[in-house]
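The sequence shown begins at 3 in my numbering and counts up by one. A short worksheet on the structure shown next.
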Amino acid sequence: MYPENARDSEWLLKYADLSLYHAKSEGRGNFQFYDSTLHKRIERKMTLHSELRKAIRQEQFTLYYQPKVDLNSRAIVGMEALLRWDHPELGMISPGEFIPIAEESGDIIEIGDWAIKSACLQTKQWQQAGWTDLLVSVNVSVRQIQHSDFVDMVKARLQESGLAPDYLEIELTESIVQNLEVSTQVLDELKKIGVTVSIDDFGTGYSSFSVLQQLPLDVIKIDRSFTTWLTKPL
């Protein structure tokens, strides 16, 4: 606003455009005033947005594998594939920052495809090396499962890697309840081919157990906020 943010029309219009861009990215029914902090956030977001396509072409993404351990036997029974973006100049960029941008641009479809393909290939290699019962879980966004070719893509990646479907777990967030009809249909198709379906961090959103009962889930991973109190004295 004049004169707090700028003293000429050119910069006022530029800042108004930046504020509009940010307001649109935050969803409907909101507004944004320009300030220096907002400027930095928007510039960062616009930079990542423009760098995403280059990151896909140059294979800047990588998967880190977090082991899942059976507490009784202390054996590693699975791995969770965690997607990271290792930018040559900006360094390691967390998925919490770039995934929403990739969903907005549609690049999440190609990135997610790569993640599932890489995880399946790596797990098959581990199995051939002796870890025969190892299962891998891959985080998938709502935008991905709403894509018409998602199930066919999963089938293709399993076939290419030689990994049996029951060794792949697709992890989703509570946001899948936003479109129960589509989500239920896709999850049913995944389960028919033998893929395990789970929901991650249950309790961080607004869904209830009654809503989750409508989804064909195999596993519910509760948010740690439900269990942290267990270590505290009564």
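Note that CB positions come from ideal geometry on N, CA and C, so glycine has one too.
- Query: Would you report the Cα separation of C122 and T198, rounded to the nearest angstrom?
  - Reply: 14 Å
- Message: DSSP three-state label for M3, please.
- Response: For M3, the predicted model reports a pLDDT of 47, less than 50, meaning its position is unreliable and no value from the coordinates is stated.
- Query: Whose CA, out of Q68, K42, A117, lies closest to the CA of I58?
  - Reply: A117
- Message: If you follow the beta strand (DSSP E) that A117 is in, where does it begin and where does it stop?
- Response: It is not in any beta strand (DSSP E) - A117 instead sits in the alpha helix (DSSP H) that spans 110-130.
- Task: Measure the alpha-carbon distance for S107 versus R55 and round it to whole angstroms.
- Result: 10 Å
- Item | Span separating the alpha-carbon of V188 from that of E176 | 15 Å
- Span separating the alpha-carbon of I95 from that of Q62: 11 Å
- Query: Who are the near neighbours of I111 in its chain, counting only those whose CB is closer than 8 Å to its CB and skipping five residues on each side?
  - Reply: R145, Q146, H149
- Message: Rounding to the nearest angstrom, what Cα-Cα distance links H89 and K119 in this structure?
- Response: 21 Å
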